[in-house]
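Number of protein chains: 4
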Amino acid sequence: MIKAGVFGATGYTGYELVKVLQRHPQVEITFATSQSFAGQTLAAVYPQAPQLPLILGEEAPLDGVDVVFLCLPHAAAAETAVRALKAGVTVIDLSADFRLKGADTYAAWYDKVHPAPHLLADAVYGLTEFARDQLRGAKLVATPGCYPTSILLPLRPLLTSPLPITDPIIADAKSGTSGAGRTPKAGTHFIQVHNNFAPYKIGRSHRHLPEIEQVMGWFCPEAPTLIFSPHLLPVERGILSTIYVNFSEAVALDEVRPYFTKLYANEPFVCLLPEGELATLAHVAHSNKCVIGLTMAGNTLVITSAIDNLVKGAAGQAVQNMNAVFGIEETAGLI
Amino acid sequence: MIKAGVFGATGYTGYELVKVLQRHPQVEITFATSQSFAGQTLAAVYPQAPQLPLILGEEAPLDGVDVVFLCLPHAAAAETAVRALKAGVTVIDLSADFRLKGADTYAAWYDKVHPAPHLLADAVYGLTEFARDQLRGAKLVATPGCYPTSILLPLRPLLTSPLPITDPIIADAKSGTSGAGRTPKAGTHFIQVHNNFAPYKIGRSHRHLPEIEQVMGWFCPEAPTLIFSPHLLPVERGILSTIYVNFSEAVALDEVRPYFTKLYANEPFVCLLPEGELATLAHVAHSNKCVIGLTMAGNTLVITSAIDNLVKGAAGQAVQNMNAVFGIEETAGLI
Amino acid sequence: MIKAGVFGATGYTGYELVKVLQRHPQVEITFATSQSFAGQTLAAVYPQAPQLPLILGEEAPLDGVDVVFLCLPHAAAAETAVRALKAGVTVIDLSADFRLKGADTYAAWYDKVHPAPHLLADAVYGLTEFARDQLRGAKLVATPGCYPTSILLPLRPLLTSPLPITDPIIADAKSGTSGAGRTPKAGTHFIQVHNNFAPYKIGRSHRHLPEIEQVMGWFCPEAPTLIFSPHLLPVERGILSTIYVNFSEAVALDEVRPYFTKLYANEPFVCLLPEGELATLAHVAHSNKCVIGLTMAGNTLVITSAIDNLVKGAAGQAVQNMNAVFGIEETAGLI
Amino acid sequence: MIKAGVFGATGYTGYELVKVLQRHPQVEITFATSQSFAGQTLAAVYPQAPQLPLILGEEAPLDGVDVVFLCLPHAAAAETAVRALKAGVTVIDLSADFRLKGADTYAAWYDKVHPAPHLLADAVYGLTEFARDQLRGAKLVATPGCYPTSILLPLRPLLTSPLPITDPIIADAKSGTSGAGRTPKAGTHFIQVHNNFAPYKIGRSHRHLPEIEQVMGWFCPEAPTLIFSPHLLPVERGILSTIYVNFSEAVALDEVRPYFTKLYANEPFVCLLPEGELATLAHVAHSNKCVIGLTMAGNTLVITSAIDNLVKGAAGQAVQNMNAVFGIEETAGLI
């Protein structure tokens, strides 16, 4: 059994992670932390949660675990990672702290000096399907952001193809409000969200933009610019990204699909829909899948890509990464 | 033209009031206050609101208005009422401060010493349909609570009838979340409310209970006990109260309906549904009506009573009261 | 392995049942039927469903299964039950066909002559917690209705107690719209439901009333009359019943709780909340639990009782019953 | 007073139109038709509607009205238009029948032979802000589709500008479900929509595509191709279109805004947001406004454009057109 500790168990991501880990046949949760609810159990926060005792992060017994998951605010995550790595514990980080390779980029987008820049180079960016080799035995894994996961998985086959993509690629993304976290704010007040639909930080201003472009650059050094527009949906969970990839000349859908099937035909968590079908949130709620639909319109490929932001976009992919790190069945706990 | 000032214009009730007053042919808004948004306009808070400048409450020019509406937290309302009355201005209070006649009861339920107990006796409890005589020329009006309005209007015909009501009367009430106000809280976070339905302060523990029982006692000194159970609905606005009145012997619906029609046949804002129809939120959204359905089941009369909590349950009834105070058409601004 | 057939797999109850059975370690699904989608698979109806082939009900191979679940319209269920019983197959019916013991009562409430009245006497009414002895080895089980389950479980301890209950008991119940089925209707159109909340068939007019009163009579021959008012909630799943039990004299909550703890302390699927807590839909979504809160108010006990209408109110309880029939762990597939 | 008849008053668009016309100081409704509810009143369909009698379309007294509004299915609208025009009545059509100028295009997209192709040339396409001259005294007006209105208003200033737009323009649009009409369908069943978000007919396959491209061509003969992707939102009303216009070189937002302010600074129903603000559904619910936000991102202009699909996208614009036809204040009934 893998002994796991969860830092930040009372956020939406932390609770989702606890649920996944509890179903996992080869994991036991050794501790769970919460700065606000220490001394209580997780059931005090979520009515269906188990009576898992919550302790303060600084009191977590790092010597008793094999792996820790960090569902912490950025910067706090990096500080905890340093402590855990020093104790020899594998770190699966779900924050943004180890996603960007450049400390400068991090500082520019996250308004903080990175607490541990020396760790950035070795952190594995855990878009699992494309990081398996590096994940095996890794000590520090950065779980990708939710929007990036929904956008990078469908872009990857195109970016490594010879298809004549023109600049820019446009990703119009819509997320359920659990992505905004558990802290009550004006923008996530029921009345504000319920009969509404609202764009935010569109164009090139959301923190996930540099993350996505960084990884696009790994796949294709001359990758197109990305225009990325997130919107807030009045639903609990799920991200649907509608992605527009323009080609400089006519391309048949039949020429495009093979790049996807080649990479994804045997992937348990990436599902390419039959021609004519479109991805929806209903395809992915509570699952670790990324479901992808392809539609050709003129010289534009319109991709619909859906994930559950709390599962494949966070806790599920984190556990998928843990499975890869420890060399166990990648789907364990996730189907 | 009646010159009106609005204290607390940025809450849901305050904004609803501004909308009603703007449609009112005989009112002009002289000022609107907000402690949090002073210096900005109402449009900074609500995207469809007018560019109404917001000032601090303490800077409101009381000498320039005929009437003020208080959409303030309790206790703050009473303090402002004292100032306004001293300036000779009519006060329509939408808070709970002048609803209860006993300062002790107020202290017990609202955890505050009442700031102006000497005003309680003269404040008119503005359940408009039953307070017209007192409202004419009144200086201080307490607008009833939202739940009380939805429950008292249908109970009134029964309480003054000789029908053999037995103890207790049960009011199972359900409210949209705008009733909980504009301040973000865990309980009104989108994720908390959206796929949920939850009772709160049921039985005899909600602050509206003593208010309802006080008025029931005015109508009928030997009124039955009330059991009152509020619930939070995942909708924006509206209250549906399902009220159970048991009789000690069989009573035909035909014996009951006349008590309602006698009182309400000519009321513009109380609508008795035809036999067999039930009140729903769809009957009343954005209207100043209270819609009532009557169903007999065994010896029990089941009443369905619907209002819009922000209109007939707050801003609409407040304006209806203002109309009565100033002797103008009671429906002005409200149809 | 128990071989199971599912009749009517494409309704909400049928699909929920397939999901439960697929998690069940001792069951395999041998066939699934659908009159509308025969020839396709369940994935054609629900995007996350498995590729389970759908056949016509009349072509179902009854000789290859140990048990069939009937998620069929009433009358159709009884006809299929006759066929299955003749083939020696155990029948777990989820329709209303075998819940009422009287064929006359059935005819009066369901507008049909009962197709198999001779089976009514032997059908076991599967409110599992109170039917275990009869369920063991039973050939025909009627799964209780969703509202009845949410009301009967909390009433049972009271009805067999000496507490001085007075007439009537009032159950004000609110259900998510999945209870209305998958067939598009005006009343379940998105626009009709979304910002609305509506009572329907209140008092003594809903088909679940005779079912509940029948079972109340089994528990207590002199059981009080029931007033039962269902309402439609703008959520997908869940029932919250707020139940009012009046006593003829003051009773302390401490006198009441022991009747519940005695029956339910060790029940895996009935959860009595600590004093002061109220049941909500969030307690039970996607679970087989009935969660119960008790509040004393004057002489009235206010019970909040929550279930997931598709799980404990249908598919989950059906599988719980199957487990009891075959003598396997009652929680198998359900936790 | 203008005497108006409403054909198809019981659909969502028809009812919205009745509400607008009832507020209109210079209009009286002479008749309203419904094929399904003839003999009843509008209040039988919508609980807050007036007791407006409904008659069969074929019995409508065309000689008693100045104008008719057609809220009918396509083809049925054209047939009624022919009758009304013959009777000398002005026709404001809200269907798709007179939007496209080519009978062939109509046949290709609407699967019907056009019932009155001779009328197409003279029908005025009523995107009011750009059709005032033609509207004055017009006999036949085609009210634009909801999506086209939300897309054409913000594109117009660009299409008549010298800005270096490159091909294609992408419009990612999201609509509330009232756009799908009042007829219950699987796709608009509450359960199907509520926790979901789904694209449909994306790319170049929705019927509004040829309409939008036709009008783009009027504004700019060499207009770019449009990629248009509609999505269904779990809200009642409102359309948000996020539109991506790529330039072949860097363009400052300051160069773009003047083209908008020049056209729209004095328009009562087109509102250009200050820089940095984004359009949301909350800006436009229940209003006749189109609210537009502009964001520059790299070489791409990202436009957010919001309307209420039932008002500016249908009934409101229809009345705005009627006002223009009859030469009365264009905002009458609409503010």
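Those sequence lines, one after another, are chains A, B, C and D.
So the number in my numbering is just where the residue sits in the first sequence, counting from 1, plus 40.
So the number in my numbering is just where the residue sits in the second sequence, counting from 1, plus 40.
So the number in my numbering is just where the residue sits in the third sequence, counting from 1, plus 40.
So the number in my numbering is just where the residue sits in the fourth sequence, counting from 1, plus 40.
Backbone N, C-alpha and C define an ideal beta-carbon position, used for all residues, glycine too.
Please read these numbers as outputs of a predicted model, since none were measured by experiment.
- Task: State the DSSP-derived secondary structure class of Thr228/A, mapped to helix, strand or coil.
- Result: helix
- How would you write the range of the alpha helix (DSSP H) that Lys59/A sits in, first residue to last? 52-63
- Nearest-angstrom Cα separation, counted from Asp162/B out to Gln88/B: In a straight line, the C-alpha of Gln88/B is about 38 Å away from that of Asp162/B.
- Task: Using a threshold of 8 Å, state whether the C-beta atoms of Ala100/B and Gly45/B are closer than that.
- Result: yes
- Item | Per-residue DSSP class, three states only, for Ser218/A | helix
- Task: Could you spell out where the alpha helix (DSSP H) holding Ile175/A opens and where it closes?
- Result: As written in the sequence, residue 175/A is Leu, which differs from the Ile given in the question. That run of the alpha helix (DSSP H) goes 172-175.
- Closer than 7 Å: Leu110/D CB and nearest the ligand MN heavy atom: What this structure holds is no ligand at all, so the ligand MN is not there to describe.
- Message: Closer than 8 Å between beta carbons: that is the criterion. Which residues of the segment 309-328 of chain B meet it against chain D?
- Response: Thr320, Ala322, His323, Val324, Ala325, Ser327
- Boundaries of the alpha helix (DSSP H) in which His248/B is found, first to last residue: That run of the alpha helix (DSSP H) goes 248-259.
- Task: Would you mind telling me which residues of chain C sit closer than 7 Å to Asn235/D, beta carbon to beta carbon, in chain order?
- Result: Glu276
- Do three or more CB pairs link the segment 320-335 of chain A to the segment 219-230 of chain A at distances below 8 Å? no
- Item | Backbone secondary structure at Gln357/D - three-state DSSP | helix
- List, in order along the chain, the chain B residues whose C-beta lies closer than 8 Å to that of Gln381/D? The displayed coordinates of chain D run from 41 to 375. Any statement about residue 381/D would go beyond what the structure contains.
- Task: For Val67/A, collect the residues of the same chain with a Cβ closer than 6 Å to its Cβ; drop the 5 residues on either side in sequence, then sort them by chain order.
- Result: Cβ within range, chain order: Ile42, Ala44, Leu61.
- Task: Taking Pro298/C as the query, report the chain D residues whose CB atoms sit under 9 Å from its CB, ordered along the chain.
- Result: By Cβ distance, chain D contributes nothing, its closest Cβ being about 40 Å from Pro298/C, past 9 Å.
- Contacting residues, own chain, Cβ-Cβ under 7 Å from Arg297/A (five flanking each side not counted): Cβ within range, chain order: Leu334.
- Item | Cα-Cα separation between Gly177/B and His323/D, rounded to whole angstroms | 39 Å
- Once you ignore the five residues that flank Ala147/D on each side, which residues in its own chain have a CB closer than 7 Å to its CB? Val153, His154
- Nearest CA to the CA of Pro314/B: which residue from Glu289/B, Phe287/B, Asn361/B, Ile343/B? Ile343/B
- Message: Could you check whether Ile347/D and Ile283/D sit closer than 8 Å to each other, using their CB atoms as the reference points?
- Response: no
- Query: Just how far apart, CA to CA, sit Ala292/C and Leu266/B?
  - Reply: Roughly 18 Å separates the two Cα atoms.
- Message: Distance cutoff 8 Å, beta carbons only. Does Pro224/B sit that close to anything in chain A?
- Response: yes
- Would you check if there are 3 or more beta carbon pairs closer than 8 Å linking the segment 158-175 of chain D to the segment 359-366 of chain D? yes
- Does the beta-carbon of Thr340/A have 16 or more other beta-carbons within 10 angstroms, so that it is buried, or is it exposed? The residue is buried, with at least 16 neighbouring Cβ atoms inside 10 Å.
- Query: Among Pro274/D, Ala220/D, Val107/D, Ala263/D, which residue has its Cα nearest to the Cα of Phe237/D?
  - Reply: Pro274/D
- Task: Could you work out which residues of chain C lie near Tyr284/B, taking near to mean beta carbons separated by less than 7 Å?
- Result: Near Tyr284/B (Cβ distances below 7 Å), the residues of chain C are Ile210, Ile267.
- N-terminal and C-terminal residue of the alpha helix (DSSP H) that Pro194/D is part of: 186-199
- Hey, would you say Glu251/A sits closer than 8 Å to Leu140/A, going by beta carbons? yes
- Message: Less than 7 Å between C-beta atoms, sequence neighbours within five positions excluded: which residues of the same chain meet that for Glu56/B?
- Response: Leu350, Val351, Ala354, Ala355
- Query: According to a CB-to-CB cut-off of less than 9 Å, which residues of the segment 133-153 of chain B neighbour chain C?
  - Reply: Considering only beta carbons, no part of the segment 133-153 of chain B lies closer than 9 Å to chain C.
- Please list the residues of the segment 78-89 of chain D that have a C-beta atom closer than 9 Å to any C-beta atom in chain B, keeping them in chain order. Cβ contacts with chain B come from Tyr86, Pro87, Gln88.
- Hey, does Ile231/D have any beta-carbon neighbour from chain C nearer than 8 Å? yes
- Message: Assuming Ser345/B and Ser281/B are in contact, meaning their beta carbons sit under 8 Å apart, how far apart are those beta carbons, in whole angstroms?
- Response: 5 Å
- Item | N-terminal and C-terminal residue of the beta strand (DSSP E) that Lys43/A is part of | 42-47
- Item | Close Cβ partners of Leu303/D (< 6 Å) along its chain, the five nearest in sequence each way excluded | Non-local C-beta neighbours of Leu303/D in its own chain, meaning closer than 6 Å and more than five positions away in sequence, comprise Pro197, ordered along the chain.
- Message: Classify Leu312/D: buried if its beta carbon has 16 or more other beta carbons within 10 angstroms, exposed otherwise.
- Response: buried
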